[in-house]
Every structure is written in structure tokens, then in C-alpha cells.
Amino acid sequence: SLLLSGIASIFMGMNTVAFFFVLLWGLNGWFQSVGSAPSCVSIYQWFSPKQRGSRYSIWGGSRNIGEGITWILTATLVSYFGWRAGFIGAGIAGIVASLIMFKLLKDRPQTYGMPDPGTAFDEGTEIKKSNDPKETRRAQMFILKQPVVWLIALACAAMYISRYAMSSWAVLFLQEQKGYSLIDAGFAMSMYPTAGLAGAILSGILSDKVFKGNRNIPNLLYGLTNIAGMCLMFFGPDNRIVDAVALSMIGFSIGGLVVFLAGLIACDLMPKNAVGAVKGLIGLCSYIAASAQELISASLITVTEVEGVKHYDFGNAQYFWLAAGVVSVLLALTVWNAKKVVDIDEAEGKPLKTQEAS
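The sequence shown runs contiguously to residue 358 in full-length UniProt numbering.
(1) Measuring CA to CA, which of Ala262, Tyr312, Leu295 is closest to Gly53?
(2) What first and last residue would you give for the beta strand (DSSP E) that runs through Leu178?
(3) When the Cα atoms are used, what is the spatial distance from Phe187 to Cys231?
(4) Between which two residues does the beta strand (DSSP E) holding Lys212 run?
(5) So what's Val34 in DSSP terms, helix, strand or just coil?
(6) Do the segment 151-170 and the segment 282-290 touch if we need at least three Cβ pairs shorter than 8 Å?
(7) Go to Phe11, then tell me how far its alpha helix (DSSP H) extends in each direction, as first and last residue.
(8) Where in the segment 42-84 do unbroken runs of the alpha helix (DSSP H), each at least 4 residues long, occur, reported from the N-terminal end onward?
(9) Leaving out five residues on either side along the sequence, give the residues of the same chain with a beta carbon under 6 Å from the beta carbon of Tyr192.
(10) Ordered along the chain, which non-local residues of its own chain (more than five positions away) have a Cβ less than 7 Å from that of Thr354?
(11) Short of 6 Å in beta carbon distance, which residues of its chain neighbour Ile217, apart from the five on each side in sequence? Order them along the chain.
(12) By alpha-carbon positions, which one of Gln175, Gly315, Phe173, Leu24 ends up nearest to Met12?
(13) If I'm right that Val78 touches Ala85 with Cβ under 8 Å, what's the distance once you round it to whole angstroms?
(14) Buried or exposed for Gln110, going by 16 or more other Cβ atoms inside 10 Å?
(15) Express the C-alpha separation of Pro237 and Ser98 in angstroms, rounding to a whole number.
(16) Using only the alpha-carbon positions, how far apart do residue 423 and Arg137 sit?
(17) Looking only at its chain, what residues have a beta carbon closer than 8 Å to the beta carbon of Leu220, apart from the 5 residues adjacent to it on each side?
(18) How would you label Thr194, buried or exposed, when you count the other beta carbons within 10 angstroms and need 16 or more for buried?
(19) In whole angstroms, what separates the C-alpha of Gly196 from that of Ile161?
(20) Going by beta carbon distance, what residues of the same chain come within less than 7 Å of Lys178, once the five residues before and after it are set aside?
(21) With respect to the alpha helix (DSSP H) encompassing Gly255, which residues constitute its N-terminal and C-terminal limits?
(22) Under DSSP, the alpha helix (DSSP H) around Gln318 begins and ends at which residues?
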């Protein structure tokens, strides 16, 4: 999926037709979303239950490293070589990374004669399921009938609206509303993913060590921080230090929210053999919301032209982004007391056997 995303990015940089640009943009988002579920499954296959929180957060935060580099390098490429270079450069980087992954990424431990992680670390053997396509289909249908998964998916989708609003529009926002140059805006935005990396990595440590595996408390704290950061960004004083603090708050909180809402909370509530289906469903809802955000934000941003120069007003769009952050927090609160499903076999065709989620 990363290879296809890289190819799509290169074609976007070479394209001159609006229709094909929109088509490639949609395909690129789809290719990127496809890689999330198998990555999550790999983590659950290679690490024991007590290791997953911190390992998942490292994986979740790694994207922020690339995003931080992107804000600087893409802004530089676009400034010196034009907008096409931004897409082509990102596409080449994606292709190189995909080739490295193809060489280094391994199958599950059992393929190489090793025990499952739970057994290896004396944490108990987790429920094993057949890799038969019928079993996979059964797990997918089971997930579709779980309201808690849908609620988390909607909470994540709302969070993705504010997340991708910042990724797509913040540079233009800083230029139009705050008076930044393109390069200055790019450097300012590098604070966003940098803080996101710290927020993502810290989220796993907090939930595993401080809150003893409880994901809901830190998720609420991250959500409130995201709202506070957007309020400071949109309604705070025009000061670059204040902007840096606001971007850091938003980036830090989004980094943790992606870890919790896009994977850990729902995957912890469902059996191990359903992790891929859970991640896929949440990813689907999230990227649909992210795509819709682009269209809605574009329609809310007012464009005026004075003496041949276009000016953008983000007044309506910023309220939309802020509202999405609030909705995400409220939806996440609805699953605060959700129960953990022990096993699909025990959940189907008989009273649902549950235990408190850790």
C-alpha cells in the first residue's frame, strides 16, 4: 500500500487535469489507510499484552517523524521547484520506504518456529484462531455488530477531521490569518508533528504504567488538550510564541488520540483474532471523514480577490474543526464503561460473556 501511495503521489505531481487530481488524491488516501490494519496486527502478533501499549505508541508516533520532516522539506521543495516537486519528492520517499519494509518486515513468530509472545513472556497463551478465510469473515461480521466499535470509529472519525484539517490547511491558515511566509509557516508547522511524536510515545507509557492499562483517562486528557490548543490557535493573540505553543498542544494531543482512538481502545476491547477487522473498520471511517473534511473545509473557507491577489477567510472553517474535536471527546466518553469481549465463540449464539476492560 505504501508503494502504491508513493506512485500515486508522483502521478499527482505530474498531473494537469483537475478530475484526475481528485481521483489520485482519493486513491492515495485509500492506499495509505490500507497499511494501518496489517501494521496493527503485526504488533499484536509480535508483542505480549503488557508490551503492546508502549510498542503501539512508538509505531503510532513514528508517522510524526516523517510528518515533521515533510513540513520542512516539502515547503522547501515547493518554494524552490514549484508545487509539483512536493508531491514527487514525497512519492519517491514512499517508494524507497516500501522497498525497505518489503525486505525487513517479517511474518508472525509461529512462522519461524517461535512461540506466541504471551507464552514467551509468561503472560498466558492467547486464544488462537484459524487463518481460514471463513474465520476471518466471521470475525469481520462480529465486529460490525458491536456498537462500541462503531462509537469508537465515529469518535476517531471526528478526531481525524481536526487532525487532517491541521495537516491540510494550517500552513495556509498561518499565511493568511497570521502573516507568515510559506517557509516560516512550514517551519512553524514542524512543531506540530514533533510534539505529536512525544504525545504518541508518552500515551503508551501513561496508559500502561500510570493508569495501569486504562486507556480512557489519558484519552480524555488528550482530547481536552486538543480542544484547548485549537482555541488558543484560533482565538489567542497574534504572537508566534503563542502559535508555537498552540501547535505543540494540538500536535501532542493528536499524537496520543491517534494511538488511543485509532487502535488501542477498540483493539483492547475485542478478541485478538478480530484486531485486523477492528482496525480496518476504524481506519475506513476515519479516512472517509478525512476526505469529507477536505470538501467541507474548502466550502467553508471564503475566498476574495483584491487587485488580482486572493485572500482566504477561515472564520467558518475553524469553528467546524473545533466542533469536530468536541464531538470526538463526547463520543469517546460513551464507551468509558465498555466491557471486554472474551471470545467470539462465547459471544455468538449464547449470552455474551464479558469482563471489565483493563
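Glycine included, each C-beta is placed from N, C-alpha and C at the ideal position.
If we stick to the structure as given:
(1) Ala262
(2) The residue you asked about is not Leu; residue 178 is Lys in the sequence shown. Here Lys178 belongs to no beta strand (DSSP E); instead the alpha helix (DSSP H) covers 147-178.
(3) 21 Å
(4) Element bounds for Lys212: n/a, residue is neither H nor E.
(5) helix
(6) yes
(7) 2-14
(8) 49-81
(9) Leu247, Gly251
(10) Low confidence applies to Thr354: its pLDDT is 45, below 50, so where it sits in the model is not reliable enough to give any reading.
(11) Phe211
(12) Leu24
(13) 6 Å
(14) exposed
(15) 43 Å
(16) Beyond the ends of the chain as shown, which are 1 and 358, falls residue 423; an answer cannot be given.
(17) Val329, Ala332, Leu333
(18) buried
(19) 16 Å
(20) Asp238, Asp243
(21) 240-259
(22) 315-333
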